[in-house]
Amino acid sequence: MRNIAEFTLIGRVGTIKQVGKTVRVSICANYPFKDDKGQWKDDAHWNEVTIFTKAIQSYVNEHLSKGDLVHVRGRLRQNSFERDGQRVYTVDLIALELGRLAQASQRAAA
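To convert, take the position in the sequence shown, counting from 1, and add 21; that gives the numbering used here.
Right, dumping it as structure tokens:
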């Protein structure tokens with residue numbers, strides 16, 4: 022039996038940046054909730070996804086732009102490092118699959 026730690030994310034692209042040999046894409050997912058007055062609000066959560074795979078990096082650089090709606094699947098990786106004498110823990114989202122669901126220009130229709 023295989024042990025897994027994975028994620029699925031559907032959201033809008035924020036920034037796309039090259040960091041060393043990786044591409045990092047920030048993706049905003051909205052979680053609707055009712056406030057104290059019964060009005061629906063969106064609670065936005067930003068997630069940064071790291072892409073190591075050259076094929077997915079090429080797809081992102083050629084086909085994605087800010088505001089596009091995407092679906093990402095991948096694995097979780099926990100890391101730690103020392104900063105100023107303190108141990109810092111991180112959780113990385115490593116993309117294994119990524120696809121565009123709608124372009125930013127189609128936002129009203131999505």
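Yeah, the Cβ is synthetic: ideal placement off N, Cα and C, and Gly gets one too. Values in this document were obtained by computation on a predicted structure and should not be read as measured data.
Which residues in the same chain as residue i place their Cβ atom closer than 6 Å to its Cβ, once the five residues preceding and following it in sequence are excluded?
i      : result
GLU118 : ARG94
ILE115 : THR71, GLY95, ARG96, ARG98
SER101 : ARG108, TYR110
SER47  : GLY35, THR36, TRP67, GLU69
Using only the alpha-carbon positions, how far apart do residue i and residue j sit?
i      : j      : result
ALA131 : ALA123 : Low per-residue confidence applies at ALA131: pLDDT is 49, beneath 50, and the placement is therefore not dependable, though the value from the model is reported in the following sentence. Going by the C-alpha atoms only, they are around 7 Å apart.
GLU17  : GLY59  : Here the chain covers residues 22 to 131 and nothing more, so residue 17 does not appear.
LYS38  : ASP56  : 35 Å
VAL40  : ALA76  : 16 Å
GLN78  : ASP64  : 29 Å
PHE54  : TRP61  : 6 Å
ALA50  : HIS66  : 5 Å
What is the C-beta distance between residue i and residue j, in whole angstroms, given that I count them as a contact (C-beta under 8 Å)?
i      : j     : result
VAL109 : GLN99 : Their Cβ separation, rounded to whole angstroms, is 12 Å, which puts VAL109 and GLN99 out of contact at 8 Å.
Is the CB-CB distance between residue i and residue j below 8 Å?
i     : j     : result
HIS92 : ILE25 : no
ARG45 : GLY88 : no
So, at 7 Å on beta carbons, what are the nonlocal neighbours of residue i in its own chain, with the 5 sequence-adjacent residues on each side left out?
i      : result
ALA125 : SER86, LYS87, GLY88, ASP89
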